[in-house]
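Notes follow once the structure below has been shown.
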Amino acid sequence: MKDTDVLDSPNAIEFKSVTKKYGDVVAVDNLNLSIPRGKITVFVGPSGCGKTTSLRMINRMVEHTSGEILVNGEPNTAQEPHKLRRSMGYVLQQAGLMPHRTIVDNIATVPRLNGTSAKSARTEALQLMETVGLDTSLAKRYPAQLSGGQAQRVGVARALASNSSILLMDEPFSAVDPVVRQDLQKELLRLQSELQRTIIFVTHDIDEAVLLGDYVAVFAVGGRLAQFGTPEEILREPADDFVASFVGRDRGMRRLTFAGASDVKIHPLTSQHTPWQQWELKVEDGKPAGWIIDGRTIPGGSLFVEGGTLRDALDSVLSSPSGVGVAVDRNGKVLGLLKSEDVLAATEAERHRRYGVNA
Amino acid sequence: MNIFDKTWAWFTADGAWTGAGGIFQRVAEHLGYSALILLIAAVIAVPIGLMVGHTGRGENVVVAITGALRALPTLGLLTLFALWLGLGLVAPIAALVILAIAPLLAGVYSGIAAVDKVTVDAARAQGMTESQILRKVELPLALPLIFGGIRNAALQVIATVTVVAYINLGGLGRYLIDGLAVRDYPRMVAAVVLVALLALIVDALLALLQRALTPRGTR
Numbered sequence: 004m005k006d007t008d009v010l011d012s013p014n015a016i017e018f019k020s021v022t023k024k025y026g027d028v029v030a031v032d033n034l035n036l037s038i039p040r041g042k043i044t045v046f047v048g049p050s051g052c053g054k055t056t057s058l059r060m061i062n063r064m065v066e067h068t069s070g071e072i073l074v075n076g077e078p079n080t081a082q083e084p085h086k087l088r089r090s091m092g093y094v095l096q097q098a099g100l101m102p103h104r105t106i107v108d109n110i111a112t113v114p115r116l117n118g119t120s121a122k123s124a125r126t127e128a129l130q131l132m133e134t135v136g137l138d139t140s141l142a143k144r145y146p147a148q149l150s151g152g153q154a155q156r157v158g159v160a161r162a163l164a165s166n167s168s169i170l171l172m173d174e175p176f177s178a179v180d181p182v183v184r185q186d187l188q189k190e191l192l193r194l195q196s197e198l199q200r201t202i203i204f205v206t207h208d209i210d211e212a213v214l215l216g217d218y219v220a221v222f223a224v225g226g227r228l229a230q231f232g233t234p235e236e237i238l239r240e241p242a243d244d245f246v247a248s249f250v251g252r253d254r255g256m257r258r259l260t261f262a263g264a265s266d267v268k269i270h271p272l273t274s275q276h277t278p279w280q281q282w283e284l285k286v287e288d289g290k291p292a293g294w295i296i297d298g299r300t301i302p303g304g305s306l307f308v309e310g311g312t313l314r315d316a317l318d319s320v321l322s323s324p325s326g327v328g329v330a331v332d333r334n335g336k337v338l339g340l341l342k343s344e345d346v347l348a349a350t351e352a353e354r355h356r357r358y359g360v361n362a
Numbered sequence: 002m003n004i005f006d007k008t009w010a011w012f013t014a015d016g017a018w019t020g021a022g023g024i025f026q027r028v029a030e031h032l033g034y035s036a037l038i039l040l041i042a043a044v045i046a047v048p049i050g051l052m053v054g055h056t057g058r059g060e061n062v063v064v065a066i067t068g069a070l071r072a073l074p075t076l077g078l079l080t081l082f083a084l085w086l087g088l089g090l091v092a093p094i095a096a097l098v099i100l101a102i103a104p105l106l107a108g109v110y111s112g113i114a115a116v117d118k119v120t121v122d123a124a125r126a127q128g129m130t131e132s133q134i135l136r137k138v139e140l141p142l143a144l145p146l147i148f149g150g151i152r153n154a155a156l157q158v159i160a161t162v163t164v165v166a167y168i169n170l171g172g173l174g175r176y177l178i179d180g181l182a183v184r185d186y187p188r189m190v191a192a193v194v195l196v197a198l199l200a201l202i203v204d205a206l207l208a209l210l211q212r213a214l215t216p217r218g219t220r
């Protein structure tokens, strides 16, 4: 790890030679891992790799067989399991809300267990509903009346109510549809930028891991930690064949997510909306509205929004019917056009820069 | 006069309802025995059902015991206990408690065991102790099935508690046994009608109670 401030600050959680066996079957094999404070660390891997078991060992929903798990420097066996669990939030895959309690009471569960009065626990719960983007008019509803995405937001609000610095999330977004999942992922990143909790997030989806993780721990079958590092490190230099195959064939594309596109030249539009060979960009109210060719209008490709990544820039070029990407500002107004050769040159330059060699 | 007219006549006769041996007294005795039996059975069956349902330990034993108890003939049991313990209240109560345990135990055990494991796992992960999980999560969610067991047991006990008259106790069974002895069939029909009505009324009251107690979110 190059990140020096992480090295300087104490870790929120440390696994020290932790092994979990069920009979003779090893679920987690001698895990040594330090989880940095205030960051999102993602446990990713195929089914049966021990990622969920490792997560559940932190709050003793699963007891480890040997080794030691330190939470804020203390062994997690130093206090009773239910007290340990109240001190950290937990979000499950299927929300796991209590069907006989209202939304607001579900969120207030942990404060109530800790002896907070019903009134102030509810007040806090209502604030948390706003924090996670839930309409407070849902407060008196029951879980059966919510959509999957709403239920998952309630699950997150309930975990935040413990007011702890540690949040455990076990595949929280894998049971909702892709559109809702994207919303929830964005929401989590927004929340994290405000709250800066230590989040341990389990997923089997490498894209989700790369998107959300400040750090990613890749687990291999047999409960072995194959690699730990930033998403960028893992995509750039997979530690072994397993990690390389797990992160997949698209890893070159995914890695471009970490490269800025400020070097890519944006070619200005002329007053005639730039005839580009025989293609002409159609502009309405300053916003792109497709491409005109032979008098027909064809819907445009993805737009490159100012300040985006190299992956966005490349996609705008590849998805455009004219082969020319369209750059817009944050209000959606056309800034100019991107040429594929400029984008490819930028990826080349980025690679040289990364390995410290000049072109 | 056919049997129904005669039964009507029995119901409307002077002194049929009030006074010693009247319907009110017999109904009160009948309900008294039934309540006592259900209470004792509940004290035995509910804690066992809760523990087995919550921990999952002893499931096989519970299933085997409830099956076996249901197969026991109550009248035979009553005779055996009466011979063994003598006449009086203890023998019939013991025989009928055994009858009531099976549906109560099955209801409580299966109600708790049927609560969604994800909900229980989530409750534990939030930091509930085992007893909090049982009281605040499993019990409220198991209420419909538990009430099923209670209603089942109540119906069986109210119908069967008539046998206590066989060993000289009161209740509506008195009319059956005494009626049979003197071949007073209208009195026997009246007893059957009264027992059936009583069972229906008690079941309806329990259904109302169940509705009032069942948490809104689970209806």
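Protein chains in written order, with the numbering used here: chain A, 4 to 362; chain B, 2 to 220. Yeah, the Cβ is synthetic: ideal placement off N, Cα and C, and Gly gets one too. Only a predicted model underlies this, so the values are computations on that prediction, with no experimental measurement involved.
**Q.** C-alpha distance - threonine 96(B) paired with glycine 225(A), whole-angstrom precision
**A.** Along the second sequence, one-based indexing puts residue 96(B) at 95. Along the first sequence, one-based indexing puts residue 225(A) at 222. Here residue 96(B) is alanine; the residue named in the question, threonine, does not match the sequence. Approximately 57 Å, taken between the alpha carbons.
Q: Reducing DSSP to helix, strand and coil, say where tyrosine 431(A) ends up.
A: Given a span of 4 to 362 for chain A in the structure shown, any question on residue 431(A) remains unanswerable.
Q: List the residues of chain A whose Cβ lies closer than 9 Å to the Cβ of aspartate 122(B), in chain order.
A: As a working mapping, residue 122(B) is identified with position 121 in the second sequence. Annotation: Cβ neighbours of aspartate 122(B) in chain A (cutoff 9 Å, chain order): Met64, Leu95, Gly99.
Q: Using three-state DSSP, classify serine 325(A) as helix, strand or coil.
A: Your numbering for residue 325(A) matches position 322 in the first sequence. In this structure, serine 325(A) counts as coil in the three-state DSSP scheme.
(Q) For glycine 128(B), would you say it is in contact with chain A, using Cβ-to-Cβ distances shorter than 8 Å as the test? (A) As a first step, residue 128(B) must be located in the second sequence, where it is residue number 127. Look at glycine 128(B): its C-beta is under 8 Å from a C-beta on chain A.
Q: Could you confirm whether any beta carbon from chain B is found closer than 8 Å to the beta carbon of threonine 56(A)?
A: Stepping through the first sequence from its first residue, residue 56(A) is reached at position 53. For threonine 56(A), the answer is no, since every Cβ of chain B falls outside 8 Å of its Cβ.
Q: Jot down the residue ranges of each uninterrupted beta strand (DSSP E) in the region 35-88 of chain B, minimum 3 residues, whole runs only, in chain order.
A: Complete beta strand (DSSP E) runs here, min 3: none at all.
Q | 9 Å Cβ cut-off: residues of chain B touching alanine 147(A) | A | Numbered from 1 along the first sequence, position 144 holds the residue referred to as residue 147(A). The contacting residues are Gly218, Thr219.
Q) To which residues of the same chain is alanine 92(B) closer than 6 Å at the C-beta, ignoring the five residues directly before and after it? A) Looking up residue 92(B) in the second sequence gives position 91. Correct list, in chain order: Phe82, Ala83, Leu86.
Q: Any chance you could list the alpha helix (DSSP H) runs of at least 4 consecutive residues sitting entirely within the region 284-355 of chain A, in chain order?
A: Whole alpha helix (DSSP H) segments, 4+ residues: 313-322.
Q | Where leucine 142(B) meets chain A, residues with beta-carbon distance less than 9 Å | A | Within the second sequence, residue 142(B) is the residue found at index 141, counting from 1. Correct list: Met101, Pro102, His103.
Q: Would you decide whether isoleucine 178(B) is buried or exposed? Buried here means 16 or more other CB atoms lie within 10 Å of its CB.
A: Locating residue 178(B) in the second sequence gives position 177, where the first residue counts as 1. Label assigned to isoleucine 178(B): buried.
Q. In three-state DSSP terms, what is lysine 137(B)?
A. If you number the second sequence from 1, residue 137(B) lands on position 136. Looking at lysine 137(B) - three-state DSSP - the assignment turns out to be helix.
Q: Starting from the beta carbon of valine 74(A), find every residue of chain B whose beta carbon is closer than 7 Å, and list them in chain order.
A: Locating residue 74(A) in the first sequence gives position 71, where the first residue counts as 1. One finds nothing in chain B with a Cβ atom closer than 7 Å to the Cβ of valine 74(A); even the nearest lies about 14 Å away.
**Q.** Neighbour-count burial assignment, isoleucine 159(B), 16 or more Cβ in a 10 Å radius
**A.** Locating residue 159(B) in the second sequence gives position 158, where the first residue counts as 1. Isoleucine 159(B) is buried by the Cβ-count criterion.
Q: Check the DSSP bridge columns for proline 39(A) and list the partner residues they point to.
A: Numbered from its first residue, the first sequence carries residue 39(A) at position 36. Proline 39(A) is bridged by DSSP to Asn14(A).
Q) Using Cβ-Cβ distances below 9 Å, what residues of the region 103-118 of chain A are close to chain B? A) When CB distances to chain B are screened at a threshold of 9 Å, the residues of the region 103-118 of chain A falling below it are His103, Arg104, Thr105, Thr112, Val113, Leu116, Asn117, in chain order.
Q.
Check for me: the alpha helix (DSSP H) holding methionine 132(A) runs from which residue to which?
A. Translated into positions along the first sequence, residue 132(A) becomes position 129. That run of the alpha helix (DSSP H) goes 121-134.
Q: Label asparagine 109(A) either buried or exposed according to how many other C-beta atoms from any shown protein chain fall within 10 Å of its C-beta, with 16 as the threshold for buried.
A: Here residue 109(A) corresponds to residue number 106 of the first sequence, with the count starting at 1. Asparagine 109(A) comes out buried.
Q. From what residue to what residue does the beta strand (DSSP E) around leucine 171(A) run?
A. Numbered from 1 along the first sequence, position 168 holds the residue referred to as residue 171(A). Where leucine 171(A) is concerned, the enclosing beta strand (DSSP E) starts and stops at 169-173.
(Q) For aspartate 297(A), count the other beta carbons within 10 Å of its own beta carbon; 16 or more makes it buried, fewer makes it exposed. Which is it? (A) Within the first sequence, residue 297(A) is the residue found at index 294, counting from 1. In this structure aspartate 297(A) is exposed. Its beta-carbon is surrounded by fewer than 16 other beta-carbon atoms within 10 angstroms.
Q: Quick one: give me the first and last residue of the beta strand (DSSP E) that glycine 174(B) is part of.
A: For this step, residue 174(B) is matched to residue 173 along the second sequence. It is not in any beta strand (DSSP E) - glycine 174(B) instead sits in the alpha helix (DSSP H) that spans 174-182.
**Q.** Classification of glutamine 199(A) by the beta-carbon crowding that lies within 10 angstroms, buried from 16 upward
**A.** Reading the first sequence from its first residue, position 196 is the one you call residue 199(A). With fewer than 16 other Cβ atoms within 10 Å, it is exposed.
Q.
Check whether chain A comes within 8 Å of valine 138(B), counting only Cβ atoms and requiring the distance to be less than that.
A. Taking the second sequence and counting its residues from 1, the one referred to as residue 138(B) is at position 137. At least one beta carbon of chain A lies nearer than 8 Å to the beta carbon of valine 138(B).
Q: Give a yes or no on contact between the region 149-164 of chain B and the region 113-121 of chain B, applying the rule of three or more CB pairs nearer than 8 Å.
A: Note that the region 149-164 of chain B does not touch the region 113-121 of chain B; fewer than 3 beta-carbon pairs, one per stretch, sit closer than 8 Å.
Q | Distance between valine 246(A) and valine 47(A) (C-alpha atoms, nearest Å) | A | Start at 1 with the first residue of the first sequence, and residue 47(A) comes out as number 44. Start at 1 with the first residue of the first sequence, and residue 246(A) comes out as number 243. Here the alpha carbon of valine 47(A) sits roughly 10 Å from the alpha carbon of valine 246(A).
**Q.** 9 Å Cβ cut-off: residues of chain A touching valine 109(B)
**A.** Working through the second sequence from its first residue, we reach residue 109(B) at position 108. None at all; the shortest Cβ gap to chain A is about 17 Å.
**Q.** alpha helix (DSSP H) segment containing valine 196(B), residue limits
**A.** Taking the second sequence and counting its residues from 1, one reaches residue 196(B) at position 195. Note, valine 196(B): alpha helix (DSSP H), 186-214.
Q) Do you know whose CA, among Asn35(A), Lys86(A), His103(A), lies nearest glutamate 371(A)'s CA? A) A query on residue 371(A) cannot be resolved here, the shown segment of chain A reaching from 4 to 362 and no further.
Q. Since lysine 86(A) meets chain B, which of its residues come closer than 9 Å, beta carbon to beta carbon?
A. Taking the first sequence and counting its residues from 1, the one referred to as residue 86(A) is at position 83. Residues of chain B passing the Cβ test: Gly128.
Q.
Out of Arg88(A), Val179(A), Asp210(A), Thr233(A), which one is the CA nearest neighbour of arginine 161(A)?
A. Here residue 161(A) refers to the residue found at position 158 of the first sequence. The candidate whose alpha carbon is nearest that of arginine 161(A) is Arg88(A).
Q) Out of curiosity, what's the CA-to-CA distance linking isoleucine 202(B) and alanine 36(B)? A) Numbered from 1 along the second sequence, position 201 holds the residue referred to as residue 202(B). Numbered from 1 along the second sequence, position 35 holds the residue referred to as residue 36(B). Roughly 14 Å between the two C-alpha positions.
Q | Burial state of serine 150(A) (16 or more Cβ within 10 Å) | A | Here residue 150(A) is taken as the residue at index 147 of the first sequence, counted from 1. Per the 10 Å Cβ criterion, exposed.
Q. Considering only C-alpha positions, which residue in the set Ile102(B), Gly149(B), Met2(B) is nearest to leucine 209(B)?
A. On the second sequence, position 208 is the one that residue 209(B) refers to. With distances taken between Cα atoms, leucine 209(B) lies closest to Gly149(B).
Q: Take alanine 107(B) and list the residues in its own chain whose beta-carbon comes closer than 7 Å to its own, dropping the five residues that flank it on each side.
A: To locate residue 107(B), count along the second sequence from 1; it is residue 106. The residues are Thr67, Gly150.
**Q.** Closest by C-alpha distance to asparagine 62(A), when choosing among Val196(B), Gln127(B), Ala182(B), Asp204(B)
**A.** Here the question's residue 62(A) lines up with position 59 in the first sequence. Comparing Cα-Cα distances from asparagine 62(A) to each of Val196(B), Gln127(B), Ala182(B), Asp204(B), the minimum goes to Gln127(B).
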